[in-house]
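Written below as structure tokens is the structure these notes are about.
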Amino acid sequence: MSFDLPPLPSYSLRPLPPLISWIPDNYLTLALPVIAYWALSMLFHLVDVYDLFPQYRLHTPAEVLKRNHVSRWDVFRDVIIQQVIQTLFGIVLAMVDEEATHGKEDYDIAMWAQRIRIAQRAIPFVLSGVGLNVSALATKLAGSHPTAAAVVAGGKYPWLVQLVVIGGHKRIVPAFAPWEMLMAKTIYWLVFPGLQFLLGILIVDTWQYFLHRAMHQNKWLYATFHSRHHRLYVPYAYGALYNHPFEGFLLDTLGTGLAYLVSGMTVRQSMWFFTCSTIKTVDDHCGYSLPFDPLQLITSNNAGYHDIHHQSWGIKTNFSQPFFTFWDRLLDTMWKGGDVSARYEKSRRHAQQKVDRDNGIDVQLSQSNSANTSSASDLDEKIKMTPVSVRRSSRKKSSSISQQSGNLKGLRNKVNESLHGKGGNVLGVESSH
1 MSFDLPPLPS YSLRPLPPLI SWIPDNYLTL ALPVIAYWAL SMLFHLVDVY
51 DLFPQYRLHT PAEVLKRNHV SRWDVFRDVI IQQVIQTLFG IVLAMVDEEA
101 THGKEDYDIA MWAQRIRIAQ RAIPFVLSGV GLNVSALATK LAGSHPTAAA
151 VVAGGKYPWL VQLVVIGGHK RIVPAFAPWE MLMAKTIYWL VFPGLQFLLG
201 ILIVDTWQYF LHRAMHQNKW LYATFHSRHH RLYVPYAYGA LYNHPFEGFL
251 LDTLGTGLAY LVSGMTVRQS MWFFTCSTIK TVDDHCGYSL PFDPLQLITS
301 NNAGYHDIHH QSWGIKTNFS QPFFTFWDRL LDTMWKGGDV SARYEKSRRH
351 AQQKVDRDNG IDVQLSQSNS ANTSSASDLD EKIKMTPVSV RRSSRKKSSS
401 ISQQSGNLKG LRNKVNESLH GKGGNVLGVE SSH
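When we follow UniProt numbering, the leftmost residue of the sequence shown carries the number 1, and every step to the right adds one.
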């Protein structure tokens with residue numbers, strides 16, 4: 001039984017023209033993650049400064065000001081240092097990488113089509129194994145569905161032929177079915193690159209999880225390198241790559257470089273991979289739980305998840321980054337302390353009290369004001385339950401209490417106005433507390 005395959009086309013390789021004429025793809029690959037990092041970071045910074053989505057903030061401006069142990073300038077400087085190291089490493093990698101070429105695409109697609117044709121040879125055996133008469137089924141389908149009949153018969157397409165020149169002579173040879181070519185192109189352009197992308201994600205997640213966890217379990221590694229990143233108890237977008245330079249190179253630069261090499265991505269695929277990884281890292285540190293952010297909806301490893309790791313009570317959990325959380329689930333390092341709302345509220349309250357003291361506001365008076373307001377509300381409820389005659393006899397007393405409550409309410413409003421008046425600028429103040 002003969003199964004002649006359609007021949008593979010010839011090809012000639014040519015240098016791949018760059019996407020942008022004045023910059024090689026290798027250098028564009030290095031520039032795009034840096035551009036994406038600062039573009040997205042500045043977008044979130046503007047959201048911070050103008051307090052555009054306060055309802056989605058994980059931390060208040062007072063917490064950014066009082067809880068972080070590093071100034072914004074130091075964060076900016078160290079991120080620039082890491083990006084310089086990252087760029088230099090990329091230049092070295094580009095020098096040893098093969099020159100990108102094109103011209104082999106049709107050949108590779110035809111190779112996948114050949115594999116599809118060969119795979120069809122197993123179909124008759126599978127159908128016979130489940131008790132079907134393959135010959136009868138193919139004959140029945142031949143009149144109305146000839147392509148389906150050919151598939152059932154094991155990839156026999158006697159009517160599909162083409163005229164080609166081989167060795168200077170014209171020959172009639174088998175041709176591929178349209179569906180085979182469509183599937184081959186889908187595999188070549190979408191499925192295989194998608195699998196490479198997923199492999200890259202798996203490598204980066206695995207690399208970063210185990211190194212990140214080691215940085216926390218080994219006291220010397222934590223004190224020497226990783227503790228710098230945790231000076232940010234309240235993460236913000238452009239602090240995503242705030243690390244010790246050695247840790248930044250080992251964790252981020254080397255991890256993504258390894259994923260690029262092992263997965264066999266092309267330079268242009270790596271352009272997307274590195275840029276998407278950078279955007280995801282910035283989004284994980286943005287400080288906002290945004291219901292309309294697609295990156296925070298695709299995976300549970302988002303800003304809220306990673307922010308728990310930055311808190312003193314969650315620092316030994318949620319090591320996974322930047323894409324998925326499967327290592328935390330498999331190795332039981334995911335946060336299991338339940339709802340964190342009360343913990344976050346406590347941090348907000350303490351940070352606000354520090355801001356109040358810095359502004360010369362008596363914190364005890366503020367708390368007393370709140371307690372008196374509560375007492376006045378309780379008294380109002382009691383008055384509603386009092387008989388009319390008794391209510392009339394105590395009218396002067398209740399009026400006095402109401403006046404006192406009004407005065408306290410006015411004082412509280414003035415204090416709040418004083419605080420909120422500085423809300424837009426508080427993010428710009430440096431702190432090293």
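Glycine included, C-beta positions come from ideal geometry on N, C-alpha and C.
| task | Within its chain, find whatever has a CB closer than 6 Å to the CB of Gly314; leave out the 5 residues flanking it on each side and keep chain order. | result | The residue given as residue 314 occupies position 314 in the sequence shown. Cβ neighbours of Gly314 beyond the five flanking positions: Ile308 and Trp335.
| request: Work out the CA separation of Ala100 and Thr266 for me, nearest whole Å. | output: Counting from 1 along the sequence shown, the entry for residue 266 is found at position 266. Counting from 1 along the sequence shown, the entry for residue 100 is found at position 100. Between Thr266 and Ala100, the C-alpha separation is close to 8 Å.
| Proximity to Tyr157 [Cα-Cα], best of Ile172, Tyr56, Val164 and Ala177 | Residue mapping note: residue 157 aligns to position 157 of the sequence shown, counting from 1. Closest by alpha carbon: Ala177.
| query | Can you tell me whether Lys346 is buried or exposed, with buried defined as 16 or more other CB within 10 angstroms of its CB? | reply | Along the sequence shown, one-based indexing puts residue 346 at 346. Counting the other CB atoms within 10 Å of its CB gives Lys346 a total below 16, which places it among the exposed residues.
| request: Tell me whether Ser12 is buried or exposed, calling it buried when 16 or more other Cβ atoms sit within 10 Å of its Cβ. | output: Counted from its first residue, the sequence shown places residue 12 at position 12. Label assigned to Ser12: exposed.
| said: Restricting to Cα atoms, I'd like to know which of Val165, Ser341 and Ser300 is closest to Arg329. | reply: Stepping through the sequence shown from its first residue, residue 329 is reached at position 329. When only C-alpha atoms are compared, the closest one is Ser300.
| Reduced DSSP secondary structure (H/G/I, E/B, other) of Asn416 | As a first step, residue 416 is located in the sequence shown; it is residue number 416 there, counting from the start. Annotation note: pLDDT 44 at Asn416 (below 50); position unreliable, no value reported.
| query | Straight-line CA distance for Val130 to Tyr188? | reply | For the purposes of this step, residue 130 is taken as the residue at position 130 of the sequence shown. For the purposes of this step, residue 188 is taken as the residue at position 188 of the sequence shown. Distance between the alpha carbons of Val130 and Tyr188 is about 32 Å.
| Whole-number beta carbon distance between His285 and Tyr236, since they are thought to touch under 8 Å | Taking the sequence shown and counting its residues from 1, one reaches residue 236 at position 236. Taking the sequence shown and counting its residues from 1, one reaches residue 285 at position 285. Indeed, because the Cβ distance is near 7 Å, the residues count as touching under 8 Å.
| said: Are the CB atoms of Arg268 and His244 within a distance shorter than 9 Å? | reply: Taking the first residue of the sequence shown as 1, we reach residue 244 at position 244. Taking the first residue of the sequence shown as 1, we reach residue 268 at position 268. Arg268 sits away from His244, with the two beta carbons spaced by 9 Å or more.
| Candidates Thr29, Met42, Ile23 and Pro7, of which the one nearest Tyr260 by Cα | Position 260 of the sequence shown, counted from the start, is the residue given in the question as residue 260. Closest option to Tyr260, Cα to Cα, is Thr29.
| Which residues mark the beginning and the end of the beta strand (DSSP E) in which Arg228 is found? | The sequence position of residue 228 within the sequence shown is 228, counting from 1. It is not in any beta strand (DSSP E) - Arg228 carries neither H nor E in the DSSP assignment.
| task | Scan the region 166-249 and note each continuous beta strand (DSSP E) run of 3 residues or more that stays entirely inside, going in chain order. | result | When DSSP assignments are scanned along the region 166-249, the uninterrupted stretches of beta strand (DSSP E) that are 3 or more residues long and fall wholly within it turn out to be 169-174.
| Candidates Pro9, Leu132 and Phe192: closest to Gln162 by CA position | Along the sequence shown, one-based indexing puts residue 162 at 162. Among Pro9, Leu132 and Phe192, the Cα nearest to that of Gln162 is on Pro9.
| query | With distances taken from CA atoms, which of Gln208, Thr224 and Tyr242 is nearest Phe324? | reply | Locating residue 324 in the sequence shown gives position 324, where the first residue counts as 1. Of the candidates Gln208, Thr224 and Tyr242, the one whose C-alpha sits nearest the C-alpha of Phe324 is Gln208.
| request: Give the DSSP bridge partners of Val164, in chain order. | output: Start at 1 with the first residue of the sequence shown, and residue 164 comes out as number 164. Answer by DSSP bridge pairing, in chain order: Arg171.
| How many Å lie between Gly90 and Pro322 at the Cα? | Taking the first residue of the sequence shown as position 1, residue 90 is located at position 90. Taking the first residue of the sequence shown as position 1, residue 322 is located at position 322. In a straight line, the C-alpha of Gly90 is about 20 Å away from that of Pro322.
| Looking only at its own chain, which residues have a Cβ that is under 6 Å from the Cβ of Ile201, when we skip the five neighbours before and after it? | In the sequence shown, the residue the question calls residue 201 occupies position 201. For Ile201, where only same-chain residues beyond five positions count, the Cβ hits under 6 Å are Phe323.
| request: Return the CA-CA distance between Ser128 and Val134, expressed in angstroms with no decimal places. | output: For the purposes of this step, residue 128 is taken as the residue at position 128 of the sequence shown. For the purposes of this step, residue 134 is taken as the residue at position 134 of the sequence shown. When rounded, the separation of the alpha-carbon atoms in Ser128 and Val134 is 7 Å.
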